[in-house]
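So the structure is just underneath, and the comments pick up after that.
Residue numbers (the numbering used here): 90 to 287.
In structure tokens, the structure reads:
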């Protein structure tokens with residue numbers, strides 16, 4: 090993850106985007122945090138949606154790499170009906186290959202526990218406006234984990250949404266995005282192109 094963060098810092102430094110609003114979800118939230126720690130001068134704001142990377146002895150984090158595809162979907166999706174609906178559609182050969190490759194990438198980037206022990210303290214150096222968003226039924230990056238990161242950076246808001254988990258593709262993501270859009274419209278400056286990970 091450190092090497093990937095270094096790569097994106099280099100990309101942003103050599104781009105003509107100027108300061109960006111950086112949004113990261115899950116593993117992408119971890120990546121966004123690492124980028125902010127390395128060079129927050131590249132960022133206008135930071136939004137973390139159920140970010141991986143935090144760790145607490147009191148809050149067990151599941152080993153998602155050990156889950157089968159059905160187990161993963163049932164944990165990731167807040168609504169069991171949606172999970173069963175997705176599972177009723179067999180994966181194509183291309184989708185199976187993509188899932189296998191994604192699993193390899195997650196294992197390489199996240200390693201055991203999907204966290205960086207040094208990151209929580211490093212986040213205390215991040216002074217840009219930061220919004221942390223979590224679903225109140227998150228079973229992948231547990232909702233209580235927000236306490237680990239929320240006190241370490243200059244938070245603009247820490248928002249929880251009911252009946253929501255980590256996956257914005259299948260869960261209702263309209264409310265979080267409306268909330269973020271409203272927040273950005275209160276700024277005196279218009280948003281520059283944003284880069285989203287995750």
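We treat Cβ as the ideally placed atom computed from N, Cα and C, and that holds for glycine.
Going by DSSP, residue 199 is part of no beta strand (DSSP E) but of the alpha helix (DSSP H) stretching over 182 to 199. With a beta-carbon spacing of about 6 angstroms, residue 120 and residue 113 fall inside the 8 angstroms limit used to define contacts. DSSP places residue 126 inside the alpha helix (DSSP H), whose first and last residues are 116 to 127. In the DSSP assignment, the residues bridged to residue 136 are 112, 220.
With respect to residue 118, residue 138 sits close: the two C-beta atoms are nearer than 8 angstroms.
For residue 148, there is no enclosing alpha helix (DSSP H), as DSSP marks it with neither H nor E.
With fewer than 16 other Cβ atoms inside 10 Å of its own Cβ, residue 194 counts as exposed. Residue 166 counts as buried, since no fewer than 16 other beta carbons sit within 10 angstroms of its beta carbon. In the assembly as shown, residue 191 is an exposed residue. Its beta-carbon has fewer than 16 other beta-carbons within 10 Å. In the DSSP assignment, residue 175 falls within the alpha helix (DSSP H) that extends over 169 to 176. Closest option to residue 162, judged by alpha-carbon separation, among 180, 147, 129: 180.
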